[in-house]
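J.: Once you've had a glance at the structure underneath, I'll fire off some questions.
Residue numbers (our numbering), protein chains in the order written: chain A, 1 to 421; chain B, 422 to 689; chain C, 690 to 949; chain D, 950 to 1348.
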């Protein structure tokens, strides 16, 4: 197939997967299936898929509200419920959509209320309050998978046992709520698909090392990661990532770069400002700046450092539940980003801090200080918010982005002169 | 029977003197300018002169506003929330929801059927200084404060301004000026952002029945009123004397304390 | 050979003209107001008058700041931080760390010997509007920014003024006024608050000798002496701090014309 | 009034951000080490049994400007997070030989990471308490965590934590819990003789001194209170909730009390009153600590206890103390407290309780808006026809 056809098919498939997900949430033929609410960081969707649950991720509702430009209105409803200014804007958007006047009716789909809320507490304590609020509003049972914050680089034996034990304790609860018996073989097949999707996903991320990188691991990465949240453990996800790899090979052959001419290679740390995503993206595109590697796409699915596999399903699930990026400690994050900067030969790092999200922004200033002053990698610090456009001050951010790249450009020209002279 | 209300705001000090059927007889106005006690004294004398009365003939005085404790003399003190509510209720008896945008503090108030405060909410820390921000906006755009409001009504392409805090909004306004945006569009954007912030305060003390009224100096800003009506989806009562509403309310409460004393037999 | 640099700030627009070997010929400064092009033209006229030359004598003009692209008579433009870095070594060649406090933004910059930007950090969203904040405090106290220059920071007993948010700091000043506090002590507290914000920004980029304080706010000696106290470190500052951006723009214009 | 003099002496000591008592304790305990404990709950019994001084980190109470910490933590971080880092950087915490951070929220966790990089050879311990109290696997996990903490403390102090030492510590802290609940009962029964700000200062006295001294202080206070006279006007009796972690400025409570509003029950410094019942003294003490954490913890915003929602818990307190209303006071940017507050607001509305919602911050100097809030609340109540408890008459305010 010609390159253009593959580009269209990949874009069309990612849109279709999202539309089909929301259609099936409300489809009459699935109305007998029960609904479980989960969270993305350390979310083990596959486990609940084997009980034929319909899976809803409140964070994804908030993201799609922002992309559909209705997050301000949803936040207004959330604040009217009493959630005040200071709090996470994902929570306000989602509760505004579900409990506020829209009652789950969003332009991108009708979100069904939960029959069970499972709080996979992995790196974000707001999940607990969010899950409790949803369970209270919709009067349904709430369970928790408590994942200890990784004291070392990998879960210790005692941490692993605790997480694995809690997943096992969920089996009778899921059987009762879903009315489906637990089928270990089906779980193993689903996990094989997950493992395959993860290996393809890791392969996709490696393309960032190429010069020019055919793939923007932040502005495109956050779109490509969608199936890892809602379709993980299905053949659709595997197919999708196979297609994406084919797409990357085509782009490589045509030495295509998502920004036209690649001038600056960057590592992006932190989540994007969803409501002003395009405005934010063009600020970097103008400078031919590409995110050859990023960290946020590692939140929805732990893919590095997994020690177990599908042949020990419960251990593998415990690993997936514990090793999301939100749960990494500060030093592990810094080492990981430093390795990314080296392996992907970058010119700088961009740390985008968001007001609402504590697991992302706490420690980012120290991270910037380390890279800019000690590791000698130019690092730009920006701050706005994930879902509330009122916190995105485009003039402040545009001024900092321009200053960062003008300084980088000058330094590169000077280095070229020194080499010439 | 004359009663007097003194409203010492951080920006300006207003004094009114009411007669027994509560119509405004005399009025005084001064810029507070960092000396609240002097401003109150001068404005009080100005009101007295306007009514050609000596101090002795005022039966009761109530002071309100941030500088109320500095007024001195045997003057009772009440908060701005209570006074603005009493004033607005007197002017528009069907009011159940009151918005008061002051220079530093803004308040949203829900009144019960007797015009008394049932629920109120101040701006949170980030939403302070809305009144002062509009003044600075007028300075930046080199447009007199009174005309700011009308201009917003002619906007065809309002420019988005982050309404979370006035400092942030200011940097964005300067950015719009740089990109050659028309003042009308910028003011409209600012009005919508501030209206959105005030509306979210009001929604937390909301009641569906009754009318909405706007009190305080900003009520004269037609652009703000229009933006608020749009965001709230309901008409808003504006009193021609809204800047003096706090002082009028204070004088009405002074009257209330006299009536209460008469009823309970203890002479003033 | 005459190079001209124009810096359109949120509060003031500055213009500087210098000759081929960077000797200052003329300067102009005007209030920016709502029309930035008009302000740029008036500032240029004032500088031309002081230099005793006409506009056509200028070989190259570089503009920076607000509306830098839309200045009809300038051929080139750069961002403000790049210009401040370049201009900071003009009067103090040993500068390695710069704090630029203008009307809207406060920026800490680390520079090399040629005045190139090595690293920079801008103020947190909440602590924006430094110069603007001082103007509104002056407004509250019925004073002008020029009166602030008379305040000797070391003679004041500074009151506690929050350095987190300028809107909130304003409320504290109003309450001090209501409490009848001395204006000097209030201003001492305000200057200290700004100095602390500057100090925390400078620490983000790392303090390297010599530190130079530039931008309109650096004219207020109270703020620069407060900064020296908070940093426990000598700080270069002076009455021409406000011109550093325009100086940098002119120097960059010279650098670029030398390369051709 | 002797009780007033005692409280005044405590106020002077508490306001000093360099925690002078650490040096005093070290002078009388040569070679002794002091361990900083970030809020809310740290098993001080273990630290005491290792012969060390548990220091409850309580911020700099506004006496220190947070300009160093602003280089590391954004302004949307709560004050206790930023001031703890500030006190470490500018040397006020030089007396501390290590710090323990519990799994309260991402601020505590992030701060432990930043500190580890800032000063690699300063011992920083992060302990993750289980949130799944119902799981059969929680106890083994927590016993393992507590043993990990125990061995770290033993290496740090150079002393073995013997069972006898741990038992003594249990007894000492049981006694303290008893005294603190007696103090809380007095605050509830006689608000006119013991205001919340005074009771709060008496609890603050124990922030830096060993438990024995703290017990003695409270005992003396209780004795002095017996025959103390009325000192505080009481126009309204309210319950305060939401200030469980970062401690509010004392002046904020005093501003509220000056308006005649008595706070008869509060959750300030909740870490000192973590156990509902006293700890049993028989059996393996580490598993007693773990067992009690799972079943004997006070209801609070940072432990997942779904069977008791924050609203019902607040409703029980209001009914038990027969309070007139609720003050929801939470630290600025404290997400756990803010999440609970909207549910408490709803229960107050349903039951017609007046409630006041406000935020506090460590470097807050001006309490004018707090004062106006309560003035307006009381003015409105007095002008309402009959200030009863039916739905129509509750007056509510909030910043």
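Note that CB positions come from ideal geometry on N, CA and C, so glycine has one too.
1. To the nearest angstrom, how far is it from the Cα of residue 406 of chain A to the Cα of residue 389 of chain A?
2. Just the Cα atoms here: how many angstroms apart are residue 508 of chain B and residue 666 of chain B?
3. CA-CA distance, residue 982 of chain D and residue 1217 of chain D?
4. For my contact list, residue 257 of chain A and residue 290 of chain A are in at a C-beta cut-off of 8 Å; report their separation, rounded to the angstrom.
5. Answer yes or no: does any C-beta atom of chain A fall closer than 8 Å to that of residue 1058 of chain D?
6. Determine, for residue 281 of chain A, whether the minimum Cβ-Cβ distance to residues of chain D falls below 8 Å.
7. Measuring straight from C-alpha to C-alpha, what distance separates residue 466 of chain B and residue 522 of chain B?
8. Decide if residue 843 of chain C is buried, meaning its Cβ has at least 16 other Cβ atoms within 10 Å, or exposed.
9. So, helix, strand or coil for residue 448 of chain B, using DSSP?
10. Starting from the beta carbon of residue 121 of chain A, find every residue of chain D whose beta carbon is closer than 7 Å, and list them in chain order.
11. Label residue 1335 of chain D either buried or exposed according to how many other C-beta atoms from any shown protein chain fall within 10 Å of its C-beta, with 16 as the threshold for buried.
12. Would the region 1051 to 1058 of chain D and the region 842 to 859 of chain C be scored as touching if the rule is three or more Cβ pairs under 8 Å?
13. Can you tell me whether residue 1005 of chain D is helix, strand or coil according to DSSP?
14. Tell me, which residues are paired with residue 1190 of chain D by DSSP?
15. Nearest to residue 216 of chain A by alpha carbon, out of A:109, A:314, A:297, A:92?
16. Scan the region 531 to 550 of chain B for residues whose Cβ lies nearer than 8 Å to a Cβ of chain C and list them as they occur along the chain.
17. Helix or strand or just coil, what does DSSP make of residue 702 of chain C?
18. Along the region 54 to 65 of chain A, where does the CB come closer than 8 Å to a CB of chain C? Name the residues.
19. Just list the alpha helix (DSSP H) runs in the region 1110 to 1146 of chain D, keeping only unbroken ones of 4 residues or longer that don't cross its boundaries, in chain order.
20. Look at the Cβ atom of residue 902 of chain C, then the Cβ atom of residue 788 of chain C, and state whether they are nearer than 8 Å.
21. By Cβ distance below 6 Å, which residues in the same chain neighbour residue 434 of chain B in space, the five residues on each side in sequence not counted?
22. CA-CA distance, residue 591 of chain B and residue 350 of chain A?
23. Which residues of the region 503 to 523 of chain B have a Cβ closer than 8 Å to any Cβ of chain D? Give them in chain order.
24. What number of angstroms, rounded off, separates the C-alpha of residue 92 of chain A from the C-alpha of residue 73 of chain A?
25. Could you tell me whether the region 800 to 820 of chain C touches the region 533 to 541 of chain B, where touching means 3 or more Cβ pairs closer than 8 Å?
26. With 8 Å set as the bound, which would you pick, yes or no: does the beta-carbon of residue 755 of chain C sit closer than that to a beta-carbon of chain B?
27. Indicate whether residue 331 of chain A and residue 1066 of chain D have their beta-carbon atoms separated by less than 8 Å.
28. So that I know if they touch, is there some Cβ in chain C lying closer than 8 Å to that of residue 1020 of chain D?
29. Below 7 Å, is the gap between the Cβ of residue 495 of chain B and the nearest heavy atom of the ligand GDP?
30. Anything in chain D within Cβ reach of residue 482 of chain B, meaning under 7 Å, just list it in chain order.
31. Using CA atoms only, rank isn't needed, just tell me which of D:1122, D:1200, D:1258, D:1102 is closest to residue 1147 of chain D.
32. Less than 8 Å separating the beta-carbons of residue 697 of chain C and residue 737 of chain C?
33. Using CA coordinates, which residue listed in C:815, C:749, C:764 is at the minimum distance from residue 1024 of chain D?
34. Cβ atoms of residue 367 of chain A and residue 334 of chain A: under 8 Å apart, would you say?
35. Report yes if the CB atom of residue 78 of chain A is closer than 8 Å to the CB atom of residue 100 of chain A, and no otherwise.
36. So what does DSSP say about residue 440 of chain B, is it helix, strand or coil?
T.: In brief:
1. 27 Å
2. 5 Å
3. 27 Å
4. 6 Å
5. yes
6. no
7. 27 Å
8. exposed
9. strand
10. 1080
11. For residue 1335 of chain D, the predicted model reports a pLDDT of 45, less than 50, meaning its position is unreliable; a value from the coordinates is still stated below. It is exposed - the Cβ of residue 1335 of chain D has fewer than 16 other Cβ atoms within 10 Å.
12. no
13. strand
14. D:1277
15. A:297
16. 546, 547, 549, 550
17. strand
18. none
19. 1112 to 1138
20. yes
21. 451, 453, 460, 461, 464
22. 26 Å
23. 503
24. 10 Å
25. no
26. yes
27. yes
28. yes
29. Of ligands this structure carries none, so the ligand GDP is not represented either.
30. Neighbours of residue 482 of chain B on chain D: none; closest Cβ ~17 Å, over 7 Å.
31. D:1200
32. no
33. C:815
34. yes
35. yes
36. coil
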